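For reference, the structure is listed below as structure tokens.
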Amino acid sequence: MSKALINTFAPKLIAWHGISGRSGLPWQGNRDPYAVWVSEIMLQQTQVATVLERYPRFMKRFPTVKKLAAADIDEVLAEWAGLGYYSRARNLHSCAKQVMTEFSGKFPSDPVLLEQLKGIGRSTAGAVAAFAFHERAPILDANVKRILARLFAIEGSIQDKAVNDQLWNLATDLLPKKSVDMPVYTQALMDFGATWCTSRKPVCLGSERKCPFAKDCQANLSDQVLLLPQKTKKTKSPEFDCNMLLIRSGNAVLLQKRPSKAIWGGLWSLPESTWKPRVLGSKEADLSSQELFEAAMPQVKTLALAKACKPFQKANEIKHVFTHRRLWMHIWQANCSKELTLSNPDLKWVPLNQLGRYGLPQPIKILLQGLSLVRGGGLKN
DNA sequence: AATTCGGGGGA
DNA sequence: TCCCCAGAATT
Numbered sequence: 001m002s003k004a005l006i007n008t009f010a011p012k013l014i015a016w017h018g019i020s021g022r023s024g025l026p027w028q029g030n031r032d033p034y035a036v037w038v039s040e041i042m043l044q045q046t047q048v049a050t051v052l053e054r055y056p057r058f059m060k061r062f063p064t065v066k067k068l069a070a071a072d073i074d075e076v077l078a079e080w081a082g083l084g085y086y087s088r089a090r091n092l093h094s095c096a097k098q099v100m101t102e103f104s105g106k107f108p109s110d111p112v113l114l115e116q117l118k119g120i121g122r123s124t125a126g127a128v129a130a131f132a133f134h135e136r137a138p139i140l141d142a143n144v145k146r147i148l149a150r151l152f153a154i155e156g157s158i159q160d161k162a163v164n165d166q167l168w169n170l171a172t173d174l175l176p177k178k179s180v181d182m183p184v185y186t187q188a189l190m191d192f193g194a195t196w197c198t199s200r201k202p203v204c205l206g207s208e209r210k211c212p213f214a215k216d217c218q219a220n221l222s223d224q225v226l227l228l229p230q231k232t233k234k235t236k237s238p239e240f241d242c243n244m245l246l247i248r249s250g251n252a253v254l255l256q257k258r259p260s261k262a263i264w265g266g267l268w269s270l271p272e273s274t275w276k277p278r279v280l281g282s283k284e285a286d287l288s289s290q291e292l293f294e295a296a297m298p299q300v301k302t303l304a305l306a307k308a309c310k311p312f313q314k315a316n317e318i319k320h321v322f323t324h325r326r327l328w329m330h331i332w333q334a335n336c337s338k339e340l341t342l343s344n345p346d347l348k349w350v351p352l353n354q355l356g357r358y359g360l361p362q363p364i365k366i367l368l369q370g371l372s373l374v375r376g377g378g379l380k381n
């Protein structure tokens, strides 16, 4: 590796940030570890534009780690709804309680200790330590991986452990000498990756702007910029079917709290039958009310409820695409003559005008919102 | 080492 | 449609 680059990278990057870096984002320029931590978690796998709207709202709702720790998990999930990766919200809440009980309400500054907290991995630990405590700890997010893989023309999939270790070593070697430079340096890395050394249209190709590392970058010098970093190919995601029960009684709809480890864990949703692999040409219309109930709610005595409902009708079919699954949700609708008392705390009648209080999966939220707009309540299609 | 967790934006 | 993104936890 070029020894000169090790010494010059950090100062050059910081100089670049002074001219072309991002500034004025709500979570920047703040050394409160709680504020830094929330922003880092929210920004994981989530675009800046989205976080820009949701971060201030979250901070207003939960201004301190103490208030977050004291909140009910349902409140946290409701605030997180729509952001995805709901384990982040569960870990966030769990971590807040950890900080209160194990660290007397104050985040540790040591990245090794930070990494022991729920939902904080090595990279997020480094970011919190750098921004909040000026620790000389490296980060290695998608931006940094791309920058380093190009700068040093790292071959091999970045998911590969040996390559990943190599990138961590480089990230450590390139840190600025002075710890006081850590916040601006860390921010500069993210900004440079997000705005200049981008995946598809890096500045070094076809832009009038001049990359400060053009003569250092091995990928640029060997015309490999768009080929790096290398990734292992993804297999096409499998398809699944599921049945969702839309049971209405007057202006209320029956919601079921999802198991915490399932997809959309902990969110309130429509009662759902078990997921099964999609079978082409399968006959779907023959499901009786009783079968639908037993599949969706095996844990409750549903006979009374089933009998109180008129027969289910196929009301809608929604395709929803996840990163790793493609899901067809079959919506079965029935009206219930009255709101039967429910002993199971995971089942609840919710008036349509109070849906906003619950953290609903995005496609279900859209479905039910459409429902509340239709007078008389029938679904279209 | 591979898989599992959403959602939105862009090409 | 496919790829990408301020990754971590689980197996």
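full-length UniProt numbering numbers the first residue of the first sequence as 1 and each following residue consecutively. Ideal Cβ placement from N, Cα and C applies to all residues, glycine included. As the structure is a prediction and not an experimental result, all values here were calculated from the model.
Residue closest to residue i, alpha-carbon to alpha-carbon, out of the options
{"i": "S104", "options": "D110, A96 and P111", "result": "A96"}
{"i": "T232", "options": "S337, D160 and A219", "result": "D160"}
{"i": "E75", "options": "L267, N335 and V350", "result": "L267"}
{"i": "S222", "options": "R150, S249, T172 and Q256", "result": "R150"}
{"i": "D241", "options": "L170, L167, L174 and V321", "result": "V321"}
{"i": "P351", "options": "A252, W168 and K314", "result": "A252"}
{"i": "I364", "options": "P26, A334, C336 and E272", "result": "E272"}
{"i": "residue 382", "options": "I366, L255 and G359", "result": "The structure shown does not extend to residue 382, since the chain is modelled only from 1 through 381, so no value can be given for it."}
{"i": "R329", "options": "V48, V163, K210 and N316", "result": "A small fix is needed here, since residue 329 is Met in this sequence, not Arg. Nearest option by C-alpha distance: N316."}
{"i": "T50", "options": "N164, R61, L77 and L83", "result": "L83"}
{"i": "W349", "options": "L245, A262 and K314", "result": "L245"}
{"i": "A81", "options": "M42, W332 and A214", "result": "M42"}
{"i": "T235", "options": "T198, R326 and E155", "result": "R326"}
{"i": "Y185", "options": "Y358, I366 and Q28", "result": "Q28"}
{"i": "S337", "options": "H17, I331 and P311", "result": "P311"}
{"i": "S260", "options": "K210, L77 and V163", "result": "L77"}
{"i": "P176", "options": "E239, L367 and F9", "result": "F9"}
{"i": "N243", "options": "L117, W168, K319 and Q47", "result": "K319"}
{"i": "G24", "options": "A70, V48, L5 and Y34", "result": "V48"}
Residues bridged to residue i [DSSP beta-bridge criterion]
{"i": "V350", "result": "V253"}
{"i": "D191", "result": "Its beta-bridge partners do not exist; DSSP assigns none."}
{"i": "S23", "result": "For S23, which the question treats as bridged, DSSP gives no partner whatsoever."}
{"i": "Q230", "result": "S157"}
{"i": "K314", "result": "W332"}
{"i": "C242", "result": "M329"}
{"i": "W268", "result": "K257"}
{"i": "I247", "result": "A334"}
{"i": "K319", "result": "W328"}
Counted within 10 angstroms of its Cβ, other Cβ atoms place residue i as buried (16 or more) or exposed
{"i": "E208", "result": "exposed"}
{"i": "V112", "result": "exposed"}
{"i": "Q218", "result": "buried"}
{"i": "H324", "result": "exposed"}
{"i": "G370", "result": "exposed"}
{"i": "G356", "result": "exposed"}
{"i": "V99", "result": "buried"}
{"i": "P361", "result": "buried"}
{"i": "T101", "result": "exposed"}
{"i": "S39", "result": "buried"}
{"i": "E135", "result": "buried"}
{"i": "K301", "result": "With a pLDDT of only 47 at K301, under the threshold of 50, the placement of this residue in the model should not be trusted; the figure read from the coordinates follows. Its Cβ having fewer than 16 others within 10 Å, K301 is exposed."}
{"i": "S123", "result": "buried"}
{"i": "M68", "result": "Per the sequence shown, residue 68 should be read as Leu rather than Met. So L68 counts as buried."}
{"i": "R146", "result": "buried"}
{"i": "L174", "result": "buried"}
{"i": "N353", "result": "exposed"}
{"i": "G18", "result": "exposed"}
{"i": "L303", "result": "Low confidence applies to L303: its pLDDT is 49, below 50, so where it sits in the model is not reliable, and the reading given next is rough at best. L303 is exposed by the Cβ-count criterion."}
{"i": "Q45", "result": "exposed"}
{"i": "C7", "result": "In the sequence on display, residue 7 carries Asn and not Cys. Exposed, since its Cβ has fewer than 16 Cβ neighbours within 10 Å."}
{"i": "L92", "result": "buried"}
{"i": "L52", "result": "exposed"}
{"i": "V165", "result": "As written in the sequence, residue 165 is Asp, which differs from the Val given in the question. Answer is exposed; the Cβ neighbour count stays below 16."}
{"i": "E79", "result": "buried"}
Inter-residue CB distance, residue i and residue j (contact presumed, cutoff 8 Å)
{"i": "A142", "j": "R31", "result": "Not confirmed; about 25 Å, so no contact."}
{"i": "G265", "j": "Y86", "result": "6 Å"}
{"i": "G206", "j": "V144", "result": "Actually they do not touch by this definition, with Cβ atoms about 24 Å apart."}
{"i": "R258", "j": "S269", "result": "5 Å"}
{"i": "residue 386", "j": "L228", "result": "As displayed, the chain neither begins before 1 nor continues past 381, which places residue 386 out of reach and without an answer."}
{"i": "I120", "j": "A171", "result": "So it is not a contact: roughly 17 Å between Cβ atoms."}
{"i": "S109", "j": "A127", "result": "Actually they are not in contact, since the Cβ atoms of S109 and A127 sit about 13 Å apart, beyond 8 Å."}
{"i": "S343", "j": "Q230", "result": "Contact doesn't hold; Cβ gap of about 55 Å is too wide."}
{"i": "R88", "j": "I73", "result": "Actually they are not in contact, since the Cβ atoms of R88 and I73 sit about 13 Å apart, beyond 8 Å."}
{"i": "S94", "j": "K118", "result": "4 Å"}
Checklist entry - If you pair each beta-carbon of the segment 179-190 with each one of the segment 5-20, do three or more pairs fall below 8 Å? => result The segment 179-190, when compared against the segment 5-20, does touch it at the 8 Å Cβ threshold.
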